[in-house]
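Note sheet for the following structure.
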Amino acid sequence: MRVSGKKGFTLIELLIVVVIIGILAAIAIPKFASTKEKAYLASEKSDLRNMATSQEAYFSGNQTYTTDQSAMNFTTSQGVTITGMVADAKGWKGTSQHSATTKKCYAGFGSQAAATTLDGIITCDP
1 MRVSGKKGFT LIELLIVVVI IGILAAIAIP KFASTKEKAY LASEKSDLRN MATSQEAYFS
61 GNQTYTTDQS AMNFTTSQGV TITGMVADAK GWKGTSQHSA TTKKCYAGFG SQAAATTLDG
121 IITCDP
């Protein structure tokens, strides 16, 4: 390295810094995307739990379950929709999906619970 009166960074030093920042970004960005996906699934699960509570509250007054979300006094989180809602006097089931992901979560109880799920247990796509 030559000694001169000028102060600053050499091109090699700047290049090394850019490479290090690139490596850190390559590590951080996939982890961030994974964290967002987990947050969307948590929102879906939360809405299904809230729907289960609302279904049981509705059942206690009407002796049947319902597919009408307004009758259950139930509102989904932003971006989450409940589909495939089926209900009768012996059970209910529903599917939730966030608009930002393709993964769905499922829950059911009683006669309507899917064969692959246990009563009240929420399962999600892998």
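For the sequence shown, the numbering used here assigns the number 1 to the initial residue and increments by one for each residue that follows.
Yeah, the Cβ is synthetic: ideal placement off N, Cα and C, and Gly gets one too.
Distance between beta carbons of residue j and residue i, contact taken as under 8 Å
| i | j | result |
| --- | --- | --- |
| residue 48 | residue 111 | Incorrect: roughly 18 Å between the Cβ atoms, too far for contact. |
| residue 84 | residue 99 | That belief does not hold up - the Cβ atoms of residue 84 and residue 99 are roughly 16 Å apart, past 8 Å. |
| residue 54 | residue 73 | 6 Å |
| residue 75 | residue 82 | Going by Cβ atoms, the distance from residue 75 to residue 82 rounds to 10 Å, so no, they are not a contact pair. |
Reference residue i; option with closest CA among the options
| i | options | result |
| --- | --- | --- |
| residue 130 | 25, 14, 36 | Since the first residue shown for the chain is 1 and the last is 126, residue 130 is missing from the structure and cannot be characterised. |
| residue 119 | 15, 88, 93 | 93 |
| residue 122 | 50, 71, 9 | 50 |
| residue 113 | 124, 126, 86 | 86 |
Proximity of residue i and residue j at Cβ, strictly below 8 Å
| i | j | result |
| --- | --- | --- |
| residue 105 | residue 45 | yes |
| residue 91 | residue 58 | no |
| residue 107 | residue 52 | yes |
| residue 68 | residue 103 | no |
For residue i, the three-state DSSP class (helix, strand or coil)
| i | result |
| --- | --- |
| residue 32 | helix |
| residue 9 | coil |
| residue 46 | helix |
| residue 60 | helix |
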